[in-house]
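*Asks:* Residue numbers (our numbering), protein chains in the order written: chain Y, 1 to 265; chain A, 1001 to 1206. For reference, the structure I am asking about is given below.
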Amino acid sequence: MINRQLIFILIALSVAVPLVIRLGLPNYVTSEVMQVYEEIDQLDSDSVVMISFDHEASSLPEVKPMAVAILRHCFSKNLKVIGFALLAEGTAIGDQILREVAAEHNKVYGKDYVFLGFRPQYQAAILGMGEDIKRVFPQDYKNISLDQIPMMEGIKNYQDISLIISVADGDMPAYWVDYAVSRYHKKVSAAVTAVMATSFYPFLASGQIVGLLGGLKGAAEYEILIEKPGIGQRGMDAQSVSHLMIILLVILGNMGYFLRRRFTG
Amino acid sequence: MQRAIPITVCFVFGFFMLLQFFVPHKLSVLAYENVLDWMQIIFVFTLLVGAASYIRLNTKKVVQTQAGWGYNLVALAGLSLMVILGFWKGTGENTPFLWMFNNLQAPMQATMFSLLAFFVASAAYRGFRARSWEATLLLLTATVVMLGRVPLGNLISHWVPDTANWILSVPSMAAKRGLYIGIGLGTISTSLRIILGIERTYLGRR
Chain Y
1 MINRQLIFIL IALSVAVPLV IRLGLPNYVT SEVMQVYEEI DQLDSDSVVM ISFDHEASSL
61 PEVKPMAVAI LRHCFSKNLK VIGFALLAEG TAIGDQILRE VAAEHNKVYG KDYVFLGFRP
121 QYQAAILGMG EDIKRVFPQD YKNISLDQIP MMEGIKNYQD ISLIISVADG DMPAYWVDYA
181 VSRYHKKVSA AVTAVMATSF YPFLASGQIV GLLGGLKGAA EYEILIEKPG IGQRGMDAQS
241 VSHLMIILLV ILGNMGYFLR RRFTG
Chain A
1001 MQRAIPITVC FVFGFFMLLQ FFVPHKLSVL AYENVLDWMQ IIFVFTLLVG AASYIRLNTK
1061 KVVQTQAGWG YNLVALAGLS LMVILGFWKG TGENTPFLWM FNNLQAPMQA TMFSLLAFFV
1121 ASAAYRGFRA RSWEATLLLL TATVVMLGRV PLGNLISHWV PDTANWILSV PSMAAKRGLY
1181 IGIGLGTIST SLRIILGIER TYLGRR
């Protein structure tokens, strides 16, 4: 039997070493990620994209690379971005990510992007924005009235939004499907943690969500598409080696199990 | 009376929201928007109740010096500090609140989440055994999906990611769809039971 401490050390090494020493394993782009890319890519400049940061701080290493890659694409296409959070911890994170990526592209707050902050009770917030965004968010995160923000001029509800993207670590995209897609027929894409990705394949197949990014792999694929390598692609080396390590451990565990069974009857 | 009022409120609002969906009249939309506003207002009050309960529970353990009271003290200190910092300098850019969030809360939460990888590896080594035909199938499926979801799988053969994608988008999705349909039907029936006052457990035991 391998003791637990050794397993922990092996996993730590299999994650840490590939992050330092790059293996450069070639990645490939899946159709679900391509769908998100194409959906954004076909939008005319000045179209408005909503990005909802529906996650907590715990999943930051997995969701941030996805959000950054999507935002880089949006800003490089000169799309207008409205950011907000439907989970409290996503607020500070969303604001920072948006500011960082906007600064890379010399985008101006209030003209090219806004961050509206956080609203509790996500069902009511999603439904409410379908009627009137300013009713749900009368002011932005900086307490500026939306009426005074030039970018928000002429934006009333989902009819003025081209695409909604939920960056989530839970089942929030399902609520977007329930309330924004079903009721307001709005296009919604999802960028979720890898562990949640399988939950959204039925929505993807039914066309209720347009494209799906699943965890670090989704981020890595998107980075390939926008030709801007980032933490997603670096992380895929670590994920490859750690998956391989877990598989080797399972094989070793089974070998031990069968040998023990053979010798002890 | 104590039960009749909430049941009546639930019935009226439940049916209003149900009917409103099919009535696009201006008045109906206005009332609907007001209900949505109220939902958010009420939810904020539930947050206050939650915070009050959290403070009461932790304070009680600290005052009575129950086992592990030090952790409760840290929890209370953390809550108080973040509230004070938030009110003092706000929560935006370059504030102490944001510094605490970025440098303490986010790394600590991410660390807790990351520990899962270690536990999963240890549990997989100890528990993932090909004891039966079903267990072997599960083991093989997990192996293919794990390899197929990383670039390594594609290096071995394009069949690995192709098979992994097929597993996710056919058998796995079929099972998920079945679950979702079941959940949907269950939600409809439970909602109707609540609206009609048949299901009353949300009112408490008395």
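Every residue, glycine too, gets a C-beta built ideally from N, C-alpha and C. Here the structure is a predicted model, which is why all the values come from computation and not from measurement.
Report yes or no: is there a C-beta of chain A within less than 9 Å of the C-beta of residue 16 of chain Y?
*Replies:* Here the question's residue 16 of chain Y lines up with position 16 in the first sequence. Not one chain A Cβ lies under 9 Å of residue 16 of chain Y.
*Asks:* Starting from the C-beta of residue 237 of chain Y, find all residues in its chain whose C-beta is less than 8 Å away, skip the five residues before and the five after it, and write them out in chain order.
*Replies:* Residue mapping note: residue 237 of chain Y aligns to position 237 of the first sequence, counting from 1. If we look at residue 237 of chain Y and ignore the five residues flanking it on each side, its Cβ neighbours are 18, 19, 22, 23, 24, 25.
*Asks:* Mind checking who residue 189 of chain Y pairs with in its DSSP beta bridge?
*Replies:* Within the first sequence, numbered from 1, the residue matching residue 189 of chain Y stands at position 189. Per DSSP, Y:165.
*Asks:* Less than 8 Å between C-beta atoms, sequence neighbours within five positions excluded: which residues of the same chain meet that for residue 147 of chain Y?
*Replies:* The count along the first sequence starts at 1 and reaches residue 147 of chain Y at position 147. The answer, listed in chain order, is 134.
*Asks:* Within this structure, are the beta carbons of residue 166 of chain Y and residue 176 of chain Y separated by less than 9 Å?
*Replies:* Stepping through the first sequence from its first residue, residue 166 of chain Y is reached at position 166. Stepping through the first sequence from its first residue, residue 176 of chain Y is reached at position 176. Yes, Cβ-Cβ distance for residue 166 of chain Y and residue 176 of chain Y is below 9 Å.
*Asks:* Can you say whether residue 168 of chain Y is buried or exposed, counting buried as having 16 or more other CB atoms within 10 angstroms of its CB?
*Replies:* Here residue 168 of chain Y refers to the residue found at position 168 of the first sequence. Per the 10 Å Cβ criterion, buried.
*Asks:* Using a threshold of 9 Å, state whether the C-beta atoms of residue 1179 of chain A and residue 1003 of chain A are closer than that.
*Replies:* Taking the second sequence and counting its residues from 1, one reaches residue 1179 of chain A at position 179. Taking the second sequence and counting its residues from 1, one reaches residue 1003 of chain A at position 3. Cβ distance not < 9 Å, so residue 1179 of chain A and residue 1003 of chain A don't count as in contact.
*Asks:* What span of residues does the alpha helix (DSSP H) with residue 1007 of chain A cover, start to end?
*Replies:* Counting from 1 along the second sequence, the entry for residue 1007 of chain A is found at position 7. Here the alpha helix (DSSP H) through residue 1007 of chain A covers 1004 to 1020.
*Asks:* Taking 9 Å as the threshold (C-beta atoms), are residue 1168 of chain A and residue 1150 of chain A in contact?
*Replies:* Here the question's residue 1150 of chain A lines up with position 150 in the second sequence. Here the question's residue 1168 of chain A lines up with position 168 in the second sequence. No, the Cβ-Cβ distance between residue 1150 of chain A and residue 1168 of chain A is not below 9 Å.
*Asks:* Take residue 1170 of chain A as the anchor and find which of Y:187, Y:173, Y:198 has the nearest alpha-carbon.
*Replies:* In the second sequence, counting from the first residue as 1, residue 1170 of chain A sits at position 170. Considering only alpha carbons, the answer is Y:198.
*Asks:* Taking the Cβ atom as the reference point for each residue, do residue 1216 of chain A and residue 121 of chain Y lie within a distance shorter than 9 Å?
*Replies:* Because chain A in this structure spans residues 1001 to 1206, residue 1216 of chain A falls outside the shown range and cannot be described.
*Asks:* Tell whether a beta-carbon distance below 9 Å holds between residue 34 of chain Y and residue 225 of chain Y.
*Replies:* Here residue 34 of chain Y refers to the residue found at position 34 when the first sequence is read from its first residue. Here residue 225 of chain Y refers to the residue found at position 225 when the first sequence is read from its first residue. The answer is yes: Cβ separation under 9 Å.
*Asks:* Round the Cβ separation of residue 57 of chain Y and residue 1110 of chain A to the nearest angstrom and send it over; I've been treating them as touching at under 8 Å.
*Replies:* Stepping through the first sequence from its first residue, residue 57 of chain Y is reached at position 57. Stepping through the second sequence from its first residue, residue 1110 of chain A is reached at position 110. Between residue 1110 of chain A and residue 57 of chain Y the Cβ distance is about 7 Å, and since that is below 8 Å, they are a contact.
*Asks:* Pull out every residue of the region 138 to 153 of chain Y whose Cβ sits closer than 8 Å to any Cβ of chain A, in chain order.
*Replies:* Cβ contacts with chain A: 141, 142.
*Asks:* According to DSSP, is residue 14 of chain Y part of a helix, a strand, or is it coil?
*Replies:* Here residue 14 of chain Y refers to the residue found at position 14 when the first sequence is read from its first residue. If DSSP states are grouped into helix, strand and coil, residue 14 of chain Y belongs with the helices.
*Asks:* So which residues of chain A does residue 54 of chain Y contact, with C-beta pairs closer than 8 Å?
*Replies:* Taking the first sequence and counting its residues from 1, one reaches residue 54 of chain Y at position 54. Ordered by position in chain A, no residue passes the 8 Å Cβ test against residue 54 of chain Y, which lies about 16 Å from the chain.
*Asks:* Spell out whether any CB of chain A is found under 9 Å from the CB atom of residue 217 of chain Y.
*Replies:* Numbered from 1 along the first sequence, position 217 holds the residue referred to as residue 217 of chain Y. By this cut-off, residue 217 of chain Y is an interface position.
*Asks:* Going along chain Y in order, which residues have a C-beta closer than 8 Å to the C-beta of residue 1020 of chain A?
*Replies:* On the second sequence, residue 1020 of chain A is found 20 positions in, with the first residue counted as 1. Those do not exist, as residue 1020 of chain A stays about 11 Å from chain Y at its closest Cβ, beyond 8 Å.
*Asks:* Could you give the DSSP three-state label for residue 112 of chain Y: helix, strand or coil?
*Replies:* To locate residue 112 of chain Y, count along the first sequence from 1; it is residue 112. Residue 112 of chain Y falls in the coil class under three-state DSSP.
*Asks:* In angstroms with no decimal places, state the Cα-to-Cα distance between residue 13 of chain Y and residue 27 of chain Y.
*Replies:* Taking the first residue of the first sequence as 1, we reach residue 13 of chain Y at position 13. Taking the first residue of the first sequence as 1, we reach residue 27 of chain Y at position 27. Their Cα atoms are separated by approximately 22 Å.
*Asks:* Below 9 Å between beta carbons: does that hold for residue 190 of chain Y and residue 212 of chain Y?
*Replies:* As a working mapping, residue 190 of chain Y is identified with position 190 in the first sequence. As a working mapping, residue 212 of chain Y is identified with position 212 in the first sequence. In this structure, residue 212 of chain Y lies closer than 9 Å to residue 190 of chain Y by Cβ.
*Asks:* Mind checking which residues open and close the alpha helix (DSSP H) that includes residue 1077 of chain A?
*Replies:* Here residue 1077 of chain A is taken as the residue at index 77 of the second sequence, counted from 1. Taken as a continuous stretch (DSSP letters only), the alpha helix (DSSP H) holding residue 1077 of chain A covers 1069 to 1089.
*Asks:* Using only CA atoms, which one of Y:219, Y:154, Y:39 lies nearest to residue 64 of chain Y?
*Replies:* Against the first sequence, residue 64 of chain Y aligns to sequence position 64. The shortest C-alpha separation from residue 64 of chain Y is found at Y:219.
*Asks:* Which residues in the same chain have their Cβ closer than 6 Å to the Cβ of residue 1101 of chain A, if we skip the five residues on either side of it in sequence?
*Replies:* Indexing the second sequence from 1 puts residue 1101 of chain A at position 101. So the list is empty, once near-sequence residues are dropped.
*Asks:* Nearest-angstrom Cα distance between residue 136 of chain Y and residue 130 of chain Y?
*Replies:* In the first sequence, residue 136 of chain Y corresponds to position 136, counting from 1. In the first sequence, residue 130 of chain Y corresponds to position 130, counting from 1. Between residue 136 of chain Y and residue 130 of chain Y, the C-alpha separation is close to 10 Å.
*Asks:* Could you compute how far the alpha carbon of residue 1162 of chain A sits from the alpha carbon of residue 1176 of chain A?
*Replies:* Residue 1162 of chain A sits at position 162 when you count from the first residue of the second sequence. Residue 1176 of chain A sits at position 176 when you count from the first residue of the second sequence. Each residue's alpha carbon lies about 20 Å from the other.
*Asks:* Does DSSP classify residue 88 of chain Y as helix, strand or coil?
*Replies:* Start at 1 with the first residue of the first sequence, and residue 88 of chain Y comes out as number 88. Coil at residue 88 of chain Y, not helix or strand.
*Asks:* So, does the region 63 to 82 of chain Y touch the region 244 to 255 of chain Y, judging by three or more C-beta pairs under 8 Å?
*Replies:* The region 63 to 82 of chain Y is not in contact with the region 244 to 255 of chain Y.
*Asks:* What residue range is occupied by the uninterrupted beta strand (DSSP E) comprising residue 54 of chain Y?
*Replies:* Indexing the first sequence from 1 puts residue 54 of chain Y at position 54. That run of the beta strand (DSSP E) goes 48 to 54.
*Asks:* With a 10 Å radius around its C-beta and 16 neighbouring C-beta atoms as the bar for buried, classify residue 173 of chain Y as buried or exposed.
*Replies:* Here the question's residue 173 of chain Y lines up with position 173 in the first sequence. Buried, by the Cβ-count rule.
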